[in-house]
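Below is one structure, written out as C-alpha cells; the observations come after it.
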Amino acid sequence: MRFFNKVYAVNINNLFLRQNLSRQSFTGYFKSFHNIPGPASLPGIGTLYQYLPLIGQYRFDTLHINGFKKYKKFGPVVREQIVPGVNIIWLFDPNDIETLFRHEGKYPQRRSHLALEKYRLDRPNVYNSGGLLPTNGPEWFRIRSVLQKNLSSPQAVKRFLKGSDEIIQEWIELIGHAPVRDKNDYLPEISRLFLELTGYAMLDIRLDSFSYHEHQKHSRTSQLMKAAYQTNSCILKTDNGPQLWRKFETPLYKKLKKSQEYMEE
Numbered sequence: 004m005r006f007f008n009k010v011y012a013v014n015i016n017n018l019f020l021r022q023n024l025s026r027q028s029f030t031g032y033f034k035s036f037h038n039i040p041g042p043a044s045l046p047g048i049g050t051l052y053q054y055l056p057l058i059g060q061y062r063f064d065t066l067h068i069n070g071f072k073k074y075k076k077f078g079p080v081v082r083e084q085i086v087p088g089v090n091i092i093w094l095f096d097p098n099d100i101e102t103l104f105r106h107e108g109k110y111p112q113r114r115s116h117l118a119l120e121k122y123r124l125d126r127p128n129v130y131n132s133g134g135l136l137p138t139n140g141p142e143w144f145r146i147r148s149v150l151q152k153n154l155s156s157p158q159a160v161k162r163f164l165k166g167s168d169e170i171i172q173e174w175i176e177l178i179g180h181a182p183v184r185d186k187n188d189y190l191p192e193i194s195r196l197f198l199e200l201t202g203y204a205m206l207d208i209r210l211d212s213f214s215y216h217e218h219q220k221h222s223r224t225s226q227l228m229k230a231a232y233q234t235n236s237c238i239l240k241t242d243n244g245p246q247l248w249r250k251f252e253t254p255l256y257k258k259l260k261k262s263q264e265y266m267e268e
C-alpha cells in the first residue's frame, strides 16, 4: 500500500490532456477523456450517493481507504464526478504524477479550499486575498514567493534552527514520559508539535503547547487544534459536495466560519 504516498487528485479535462501532455508519450495510446474508468455518476447527484452513510462504499473522512478501493477496482488513473459537471482525476502512479507536475506550467490551477476562499474574500477588512491554498494564477505565485523567501532561505532556516531544536527536544521528552495510548496513537501530540513550531516560525512566539494546562480540553492550543481540524473537515466536504454554501450559509459553512473566527481571535 505504498501508493498512498503518491496519490494526487486534480481537476482535469480532455483539452488539458491534449494541450499539456507530451504527444509523443501518448502516440497510439491516447483515448477519450470519458473512457477513463471510475465510479458511476448519476444524473443530478454525481457520485455523492456513494459517500452516504450505510449505503455508500466511500467516506469523505477516509481518503486513503477510498483511494485504495478505487485503485484496486479501476486502476492507476480514475475519473470521478462527485458533483455533476466537475471532473476529478485520481492519479496513483508516480510516473503519471511526475508527468502532470512537469507540464502544469508556471501557474498551476487547483480547485480546492473554495469555501475558505469565499470566507476570506467576503472579509476584506481582514484579508487581502484568499490565501496561498485557494488562490491561483499570478497572485498565488506572488504569495508563494513571499512565503518561500521568508521561510526557506538559508538565513531563515539558520535563524529558527536553535529555537526549533529546543521545541523538538521538549516534545521528545514529553513523549518519553507520556502514558501509553490506545493503539499507540500519537497523532494529537504530533499536532501539538506542529502547532508549536508554526507559532514559533510564523509569529515568533511560544504557545506552551506541551504544558499540562494546554493539554486540557478548553485550553487555547486545544481549541486551535480543534478549529484547524474542523476547518479541514469542512473544506473536504464543501469542495466535493453541492456548493449550496455559495448561495446561503449551510451548516458546514457555518462550522467552517466558526472555526476560522476562533483562529482569527
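In this note's numbering, each residue's number is its place in the sequence shown (first place is 1) plus 3.
All C-beta atoms in this analysis are idealised placements derived from N, C-alpha and C, irrespective of residue type, glycine included.
Euclidean distance between Cα positions of residue i and residue j
i, j, result
"Gln246", "Thr253", "9 Å"
"His106", "Trp93", "17 Å"
"Leu210", "Arg249", "35 Å"
"Val160", "Leu154", "7 Å"
"Pro97", "Tyr74", "13 Å"
"Leu55", "Ser44", "14 Å"
"Tyr110", "Gln151", "16 Å"
"Ser156", "Lys121", "31 Å"
"Gly134", "Val149", "12 Å"
beta-carbon residue i near the ligand NAD non-hydrogen atom, thresh 7 Å
i, result
"Leu103", "This structure simply doesn't include the ligand NAD, nor any ligand for that matter."
Paired residues, beta bridge with residue i - DSSP
i, result
"Arg82", "Ile92"
"Gly49", "Leu45"
Beta-carbon separation (whole angstroms), residue i vs residue j, contact threshold 8 Å
i, j, result
"Tyr234", "Leu259", "Residue identity differs from the one stated: residue 234 is Thr in this sequence, not Tyr. Correct: roughly 6 Å between the Cβ atoms."
"Leu320", "Met266", "Outside the displayed span of the chain (4 to 268) sits residue 320, for which this structure offers no information."
"Ala204", "Glu192", "That belief does not hold up - the Cβ atoms of Ala204 and Glu192 are roughly 19 Å apart, past 8 Å."
"Asp99", "Pro79", "7 Å"
"Leu198", "Ser212", "5 Å"
"Gly70", "Phe104", "Not a contact, Cβ separation roughly 18 Å."
"Ser132", "Ile146", "7 Å"
"Asn90", "Gln112", "Asn90 to Gln112, Cβ: 13 Å. No contact."
"Leu200", "Ile170", "6 Å"
C-beta neighbour in chain C for residue i, strict 8 Å
i, result
"Gly78", "Among the protein chains of the structure shown there is no chain C, as only one such chain exists."
Which ranges would you report for the alpha helix (DSSP H) in the region 170-242 if only whole runs of at least 4 residues count? 190-206
Taking contact to mean 3 or more Cβ pairs, one atom from each stretch, closer than 8 Å, check whether the region 79-89 and the region 34-43 are in contact. yes
Can you check the region 100-151 for any alpha helix (DSSP H) of at least 4 residues that lies completely inside it and give the ranges in chain order? 117-124
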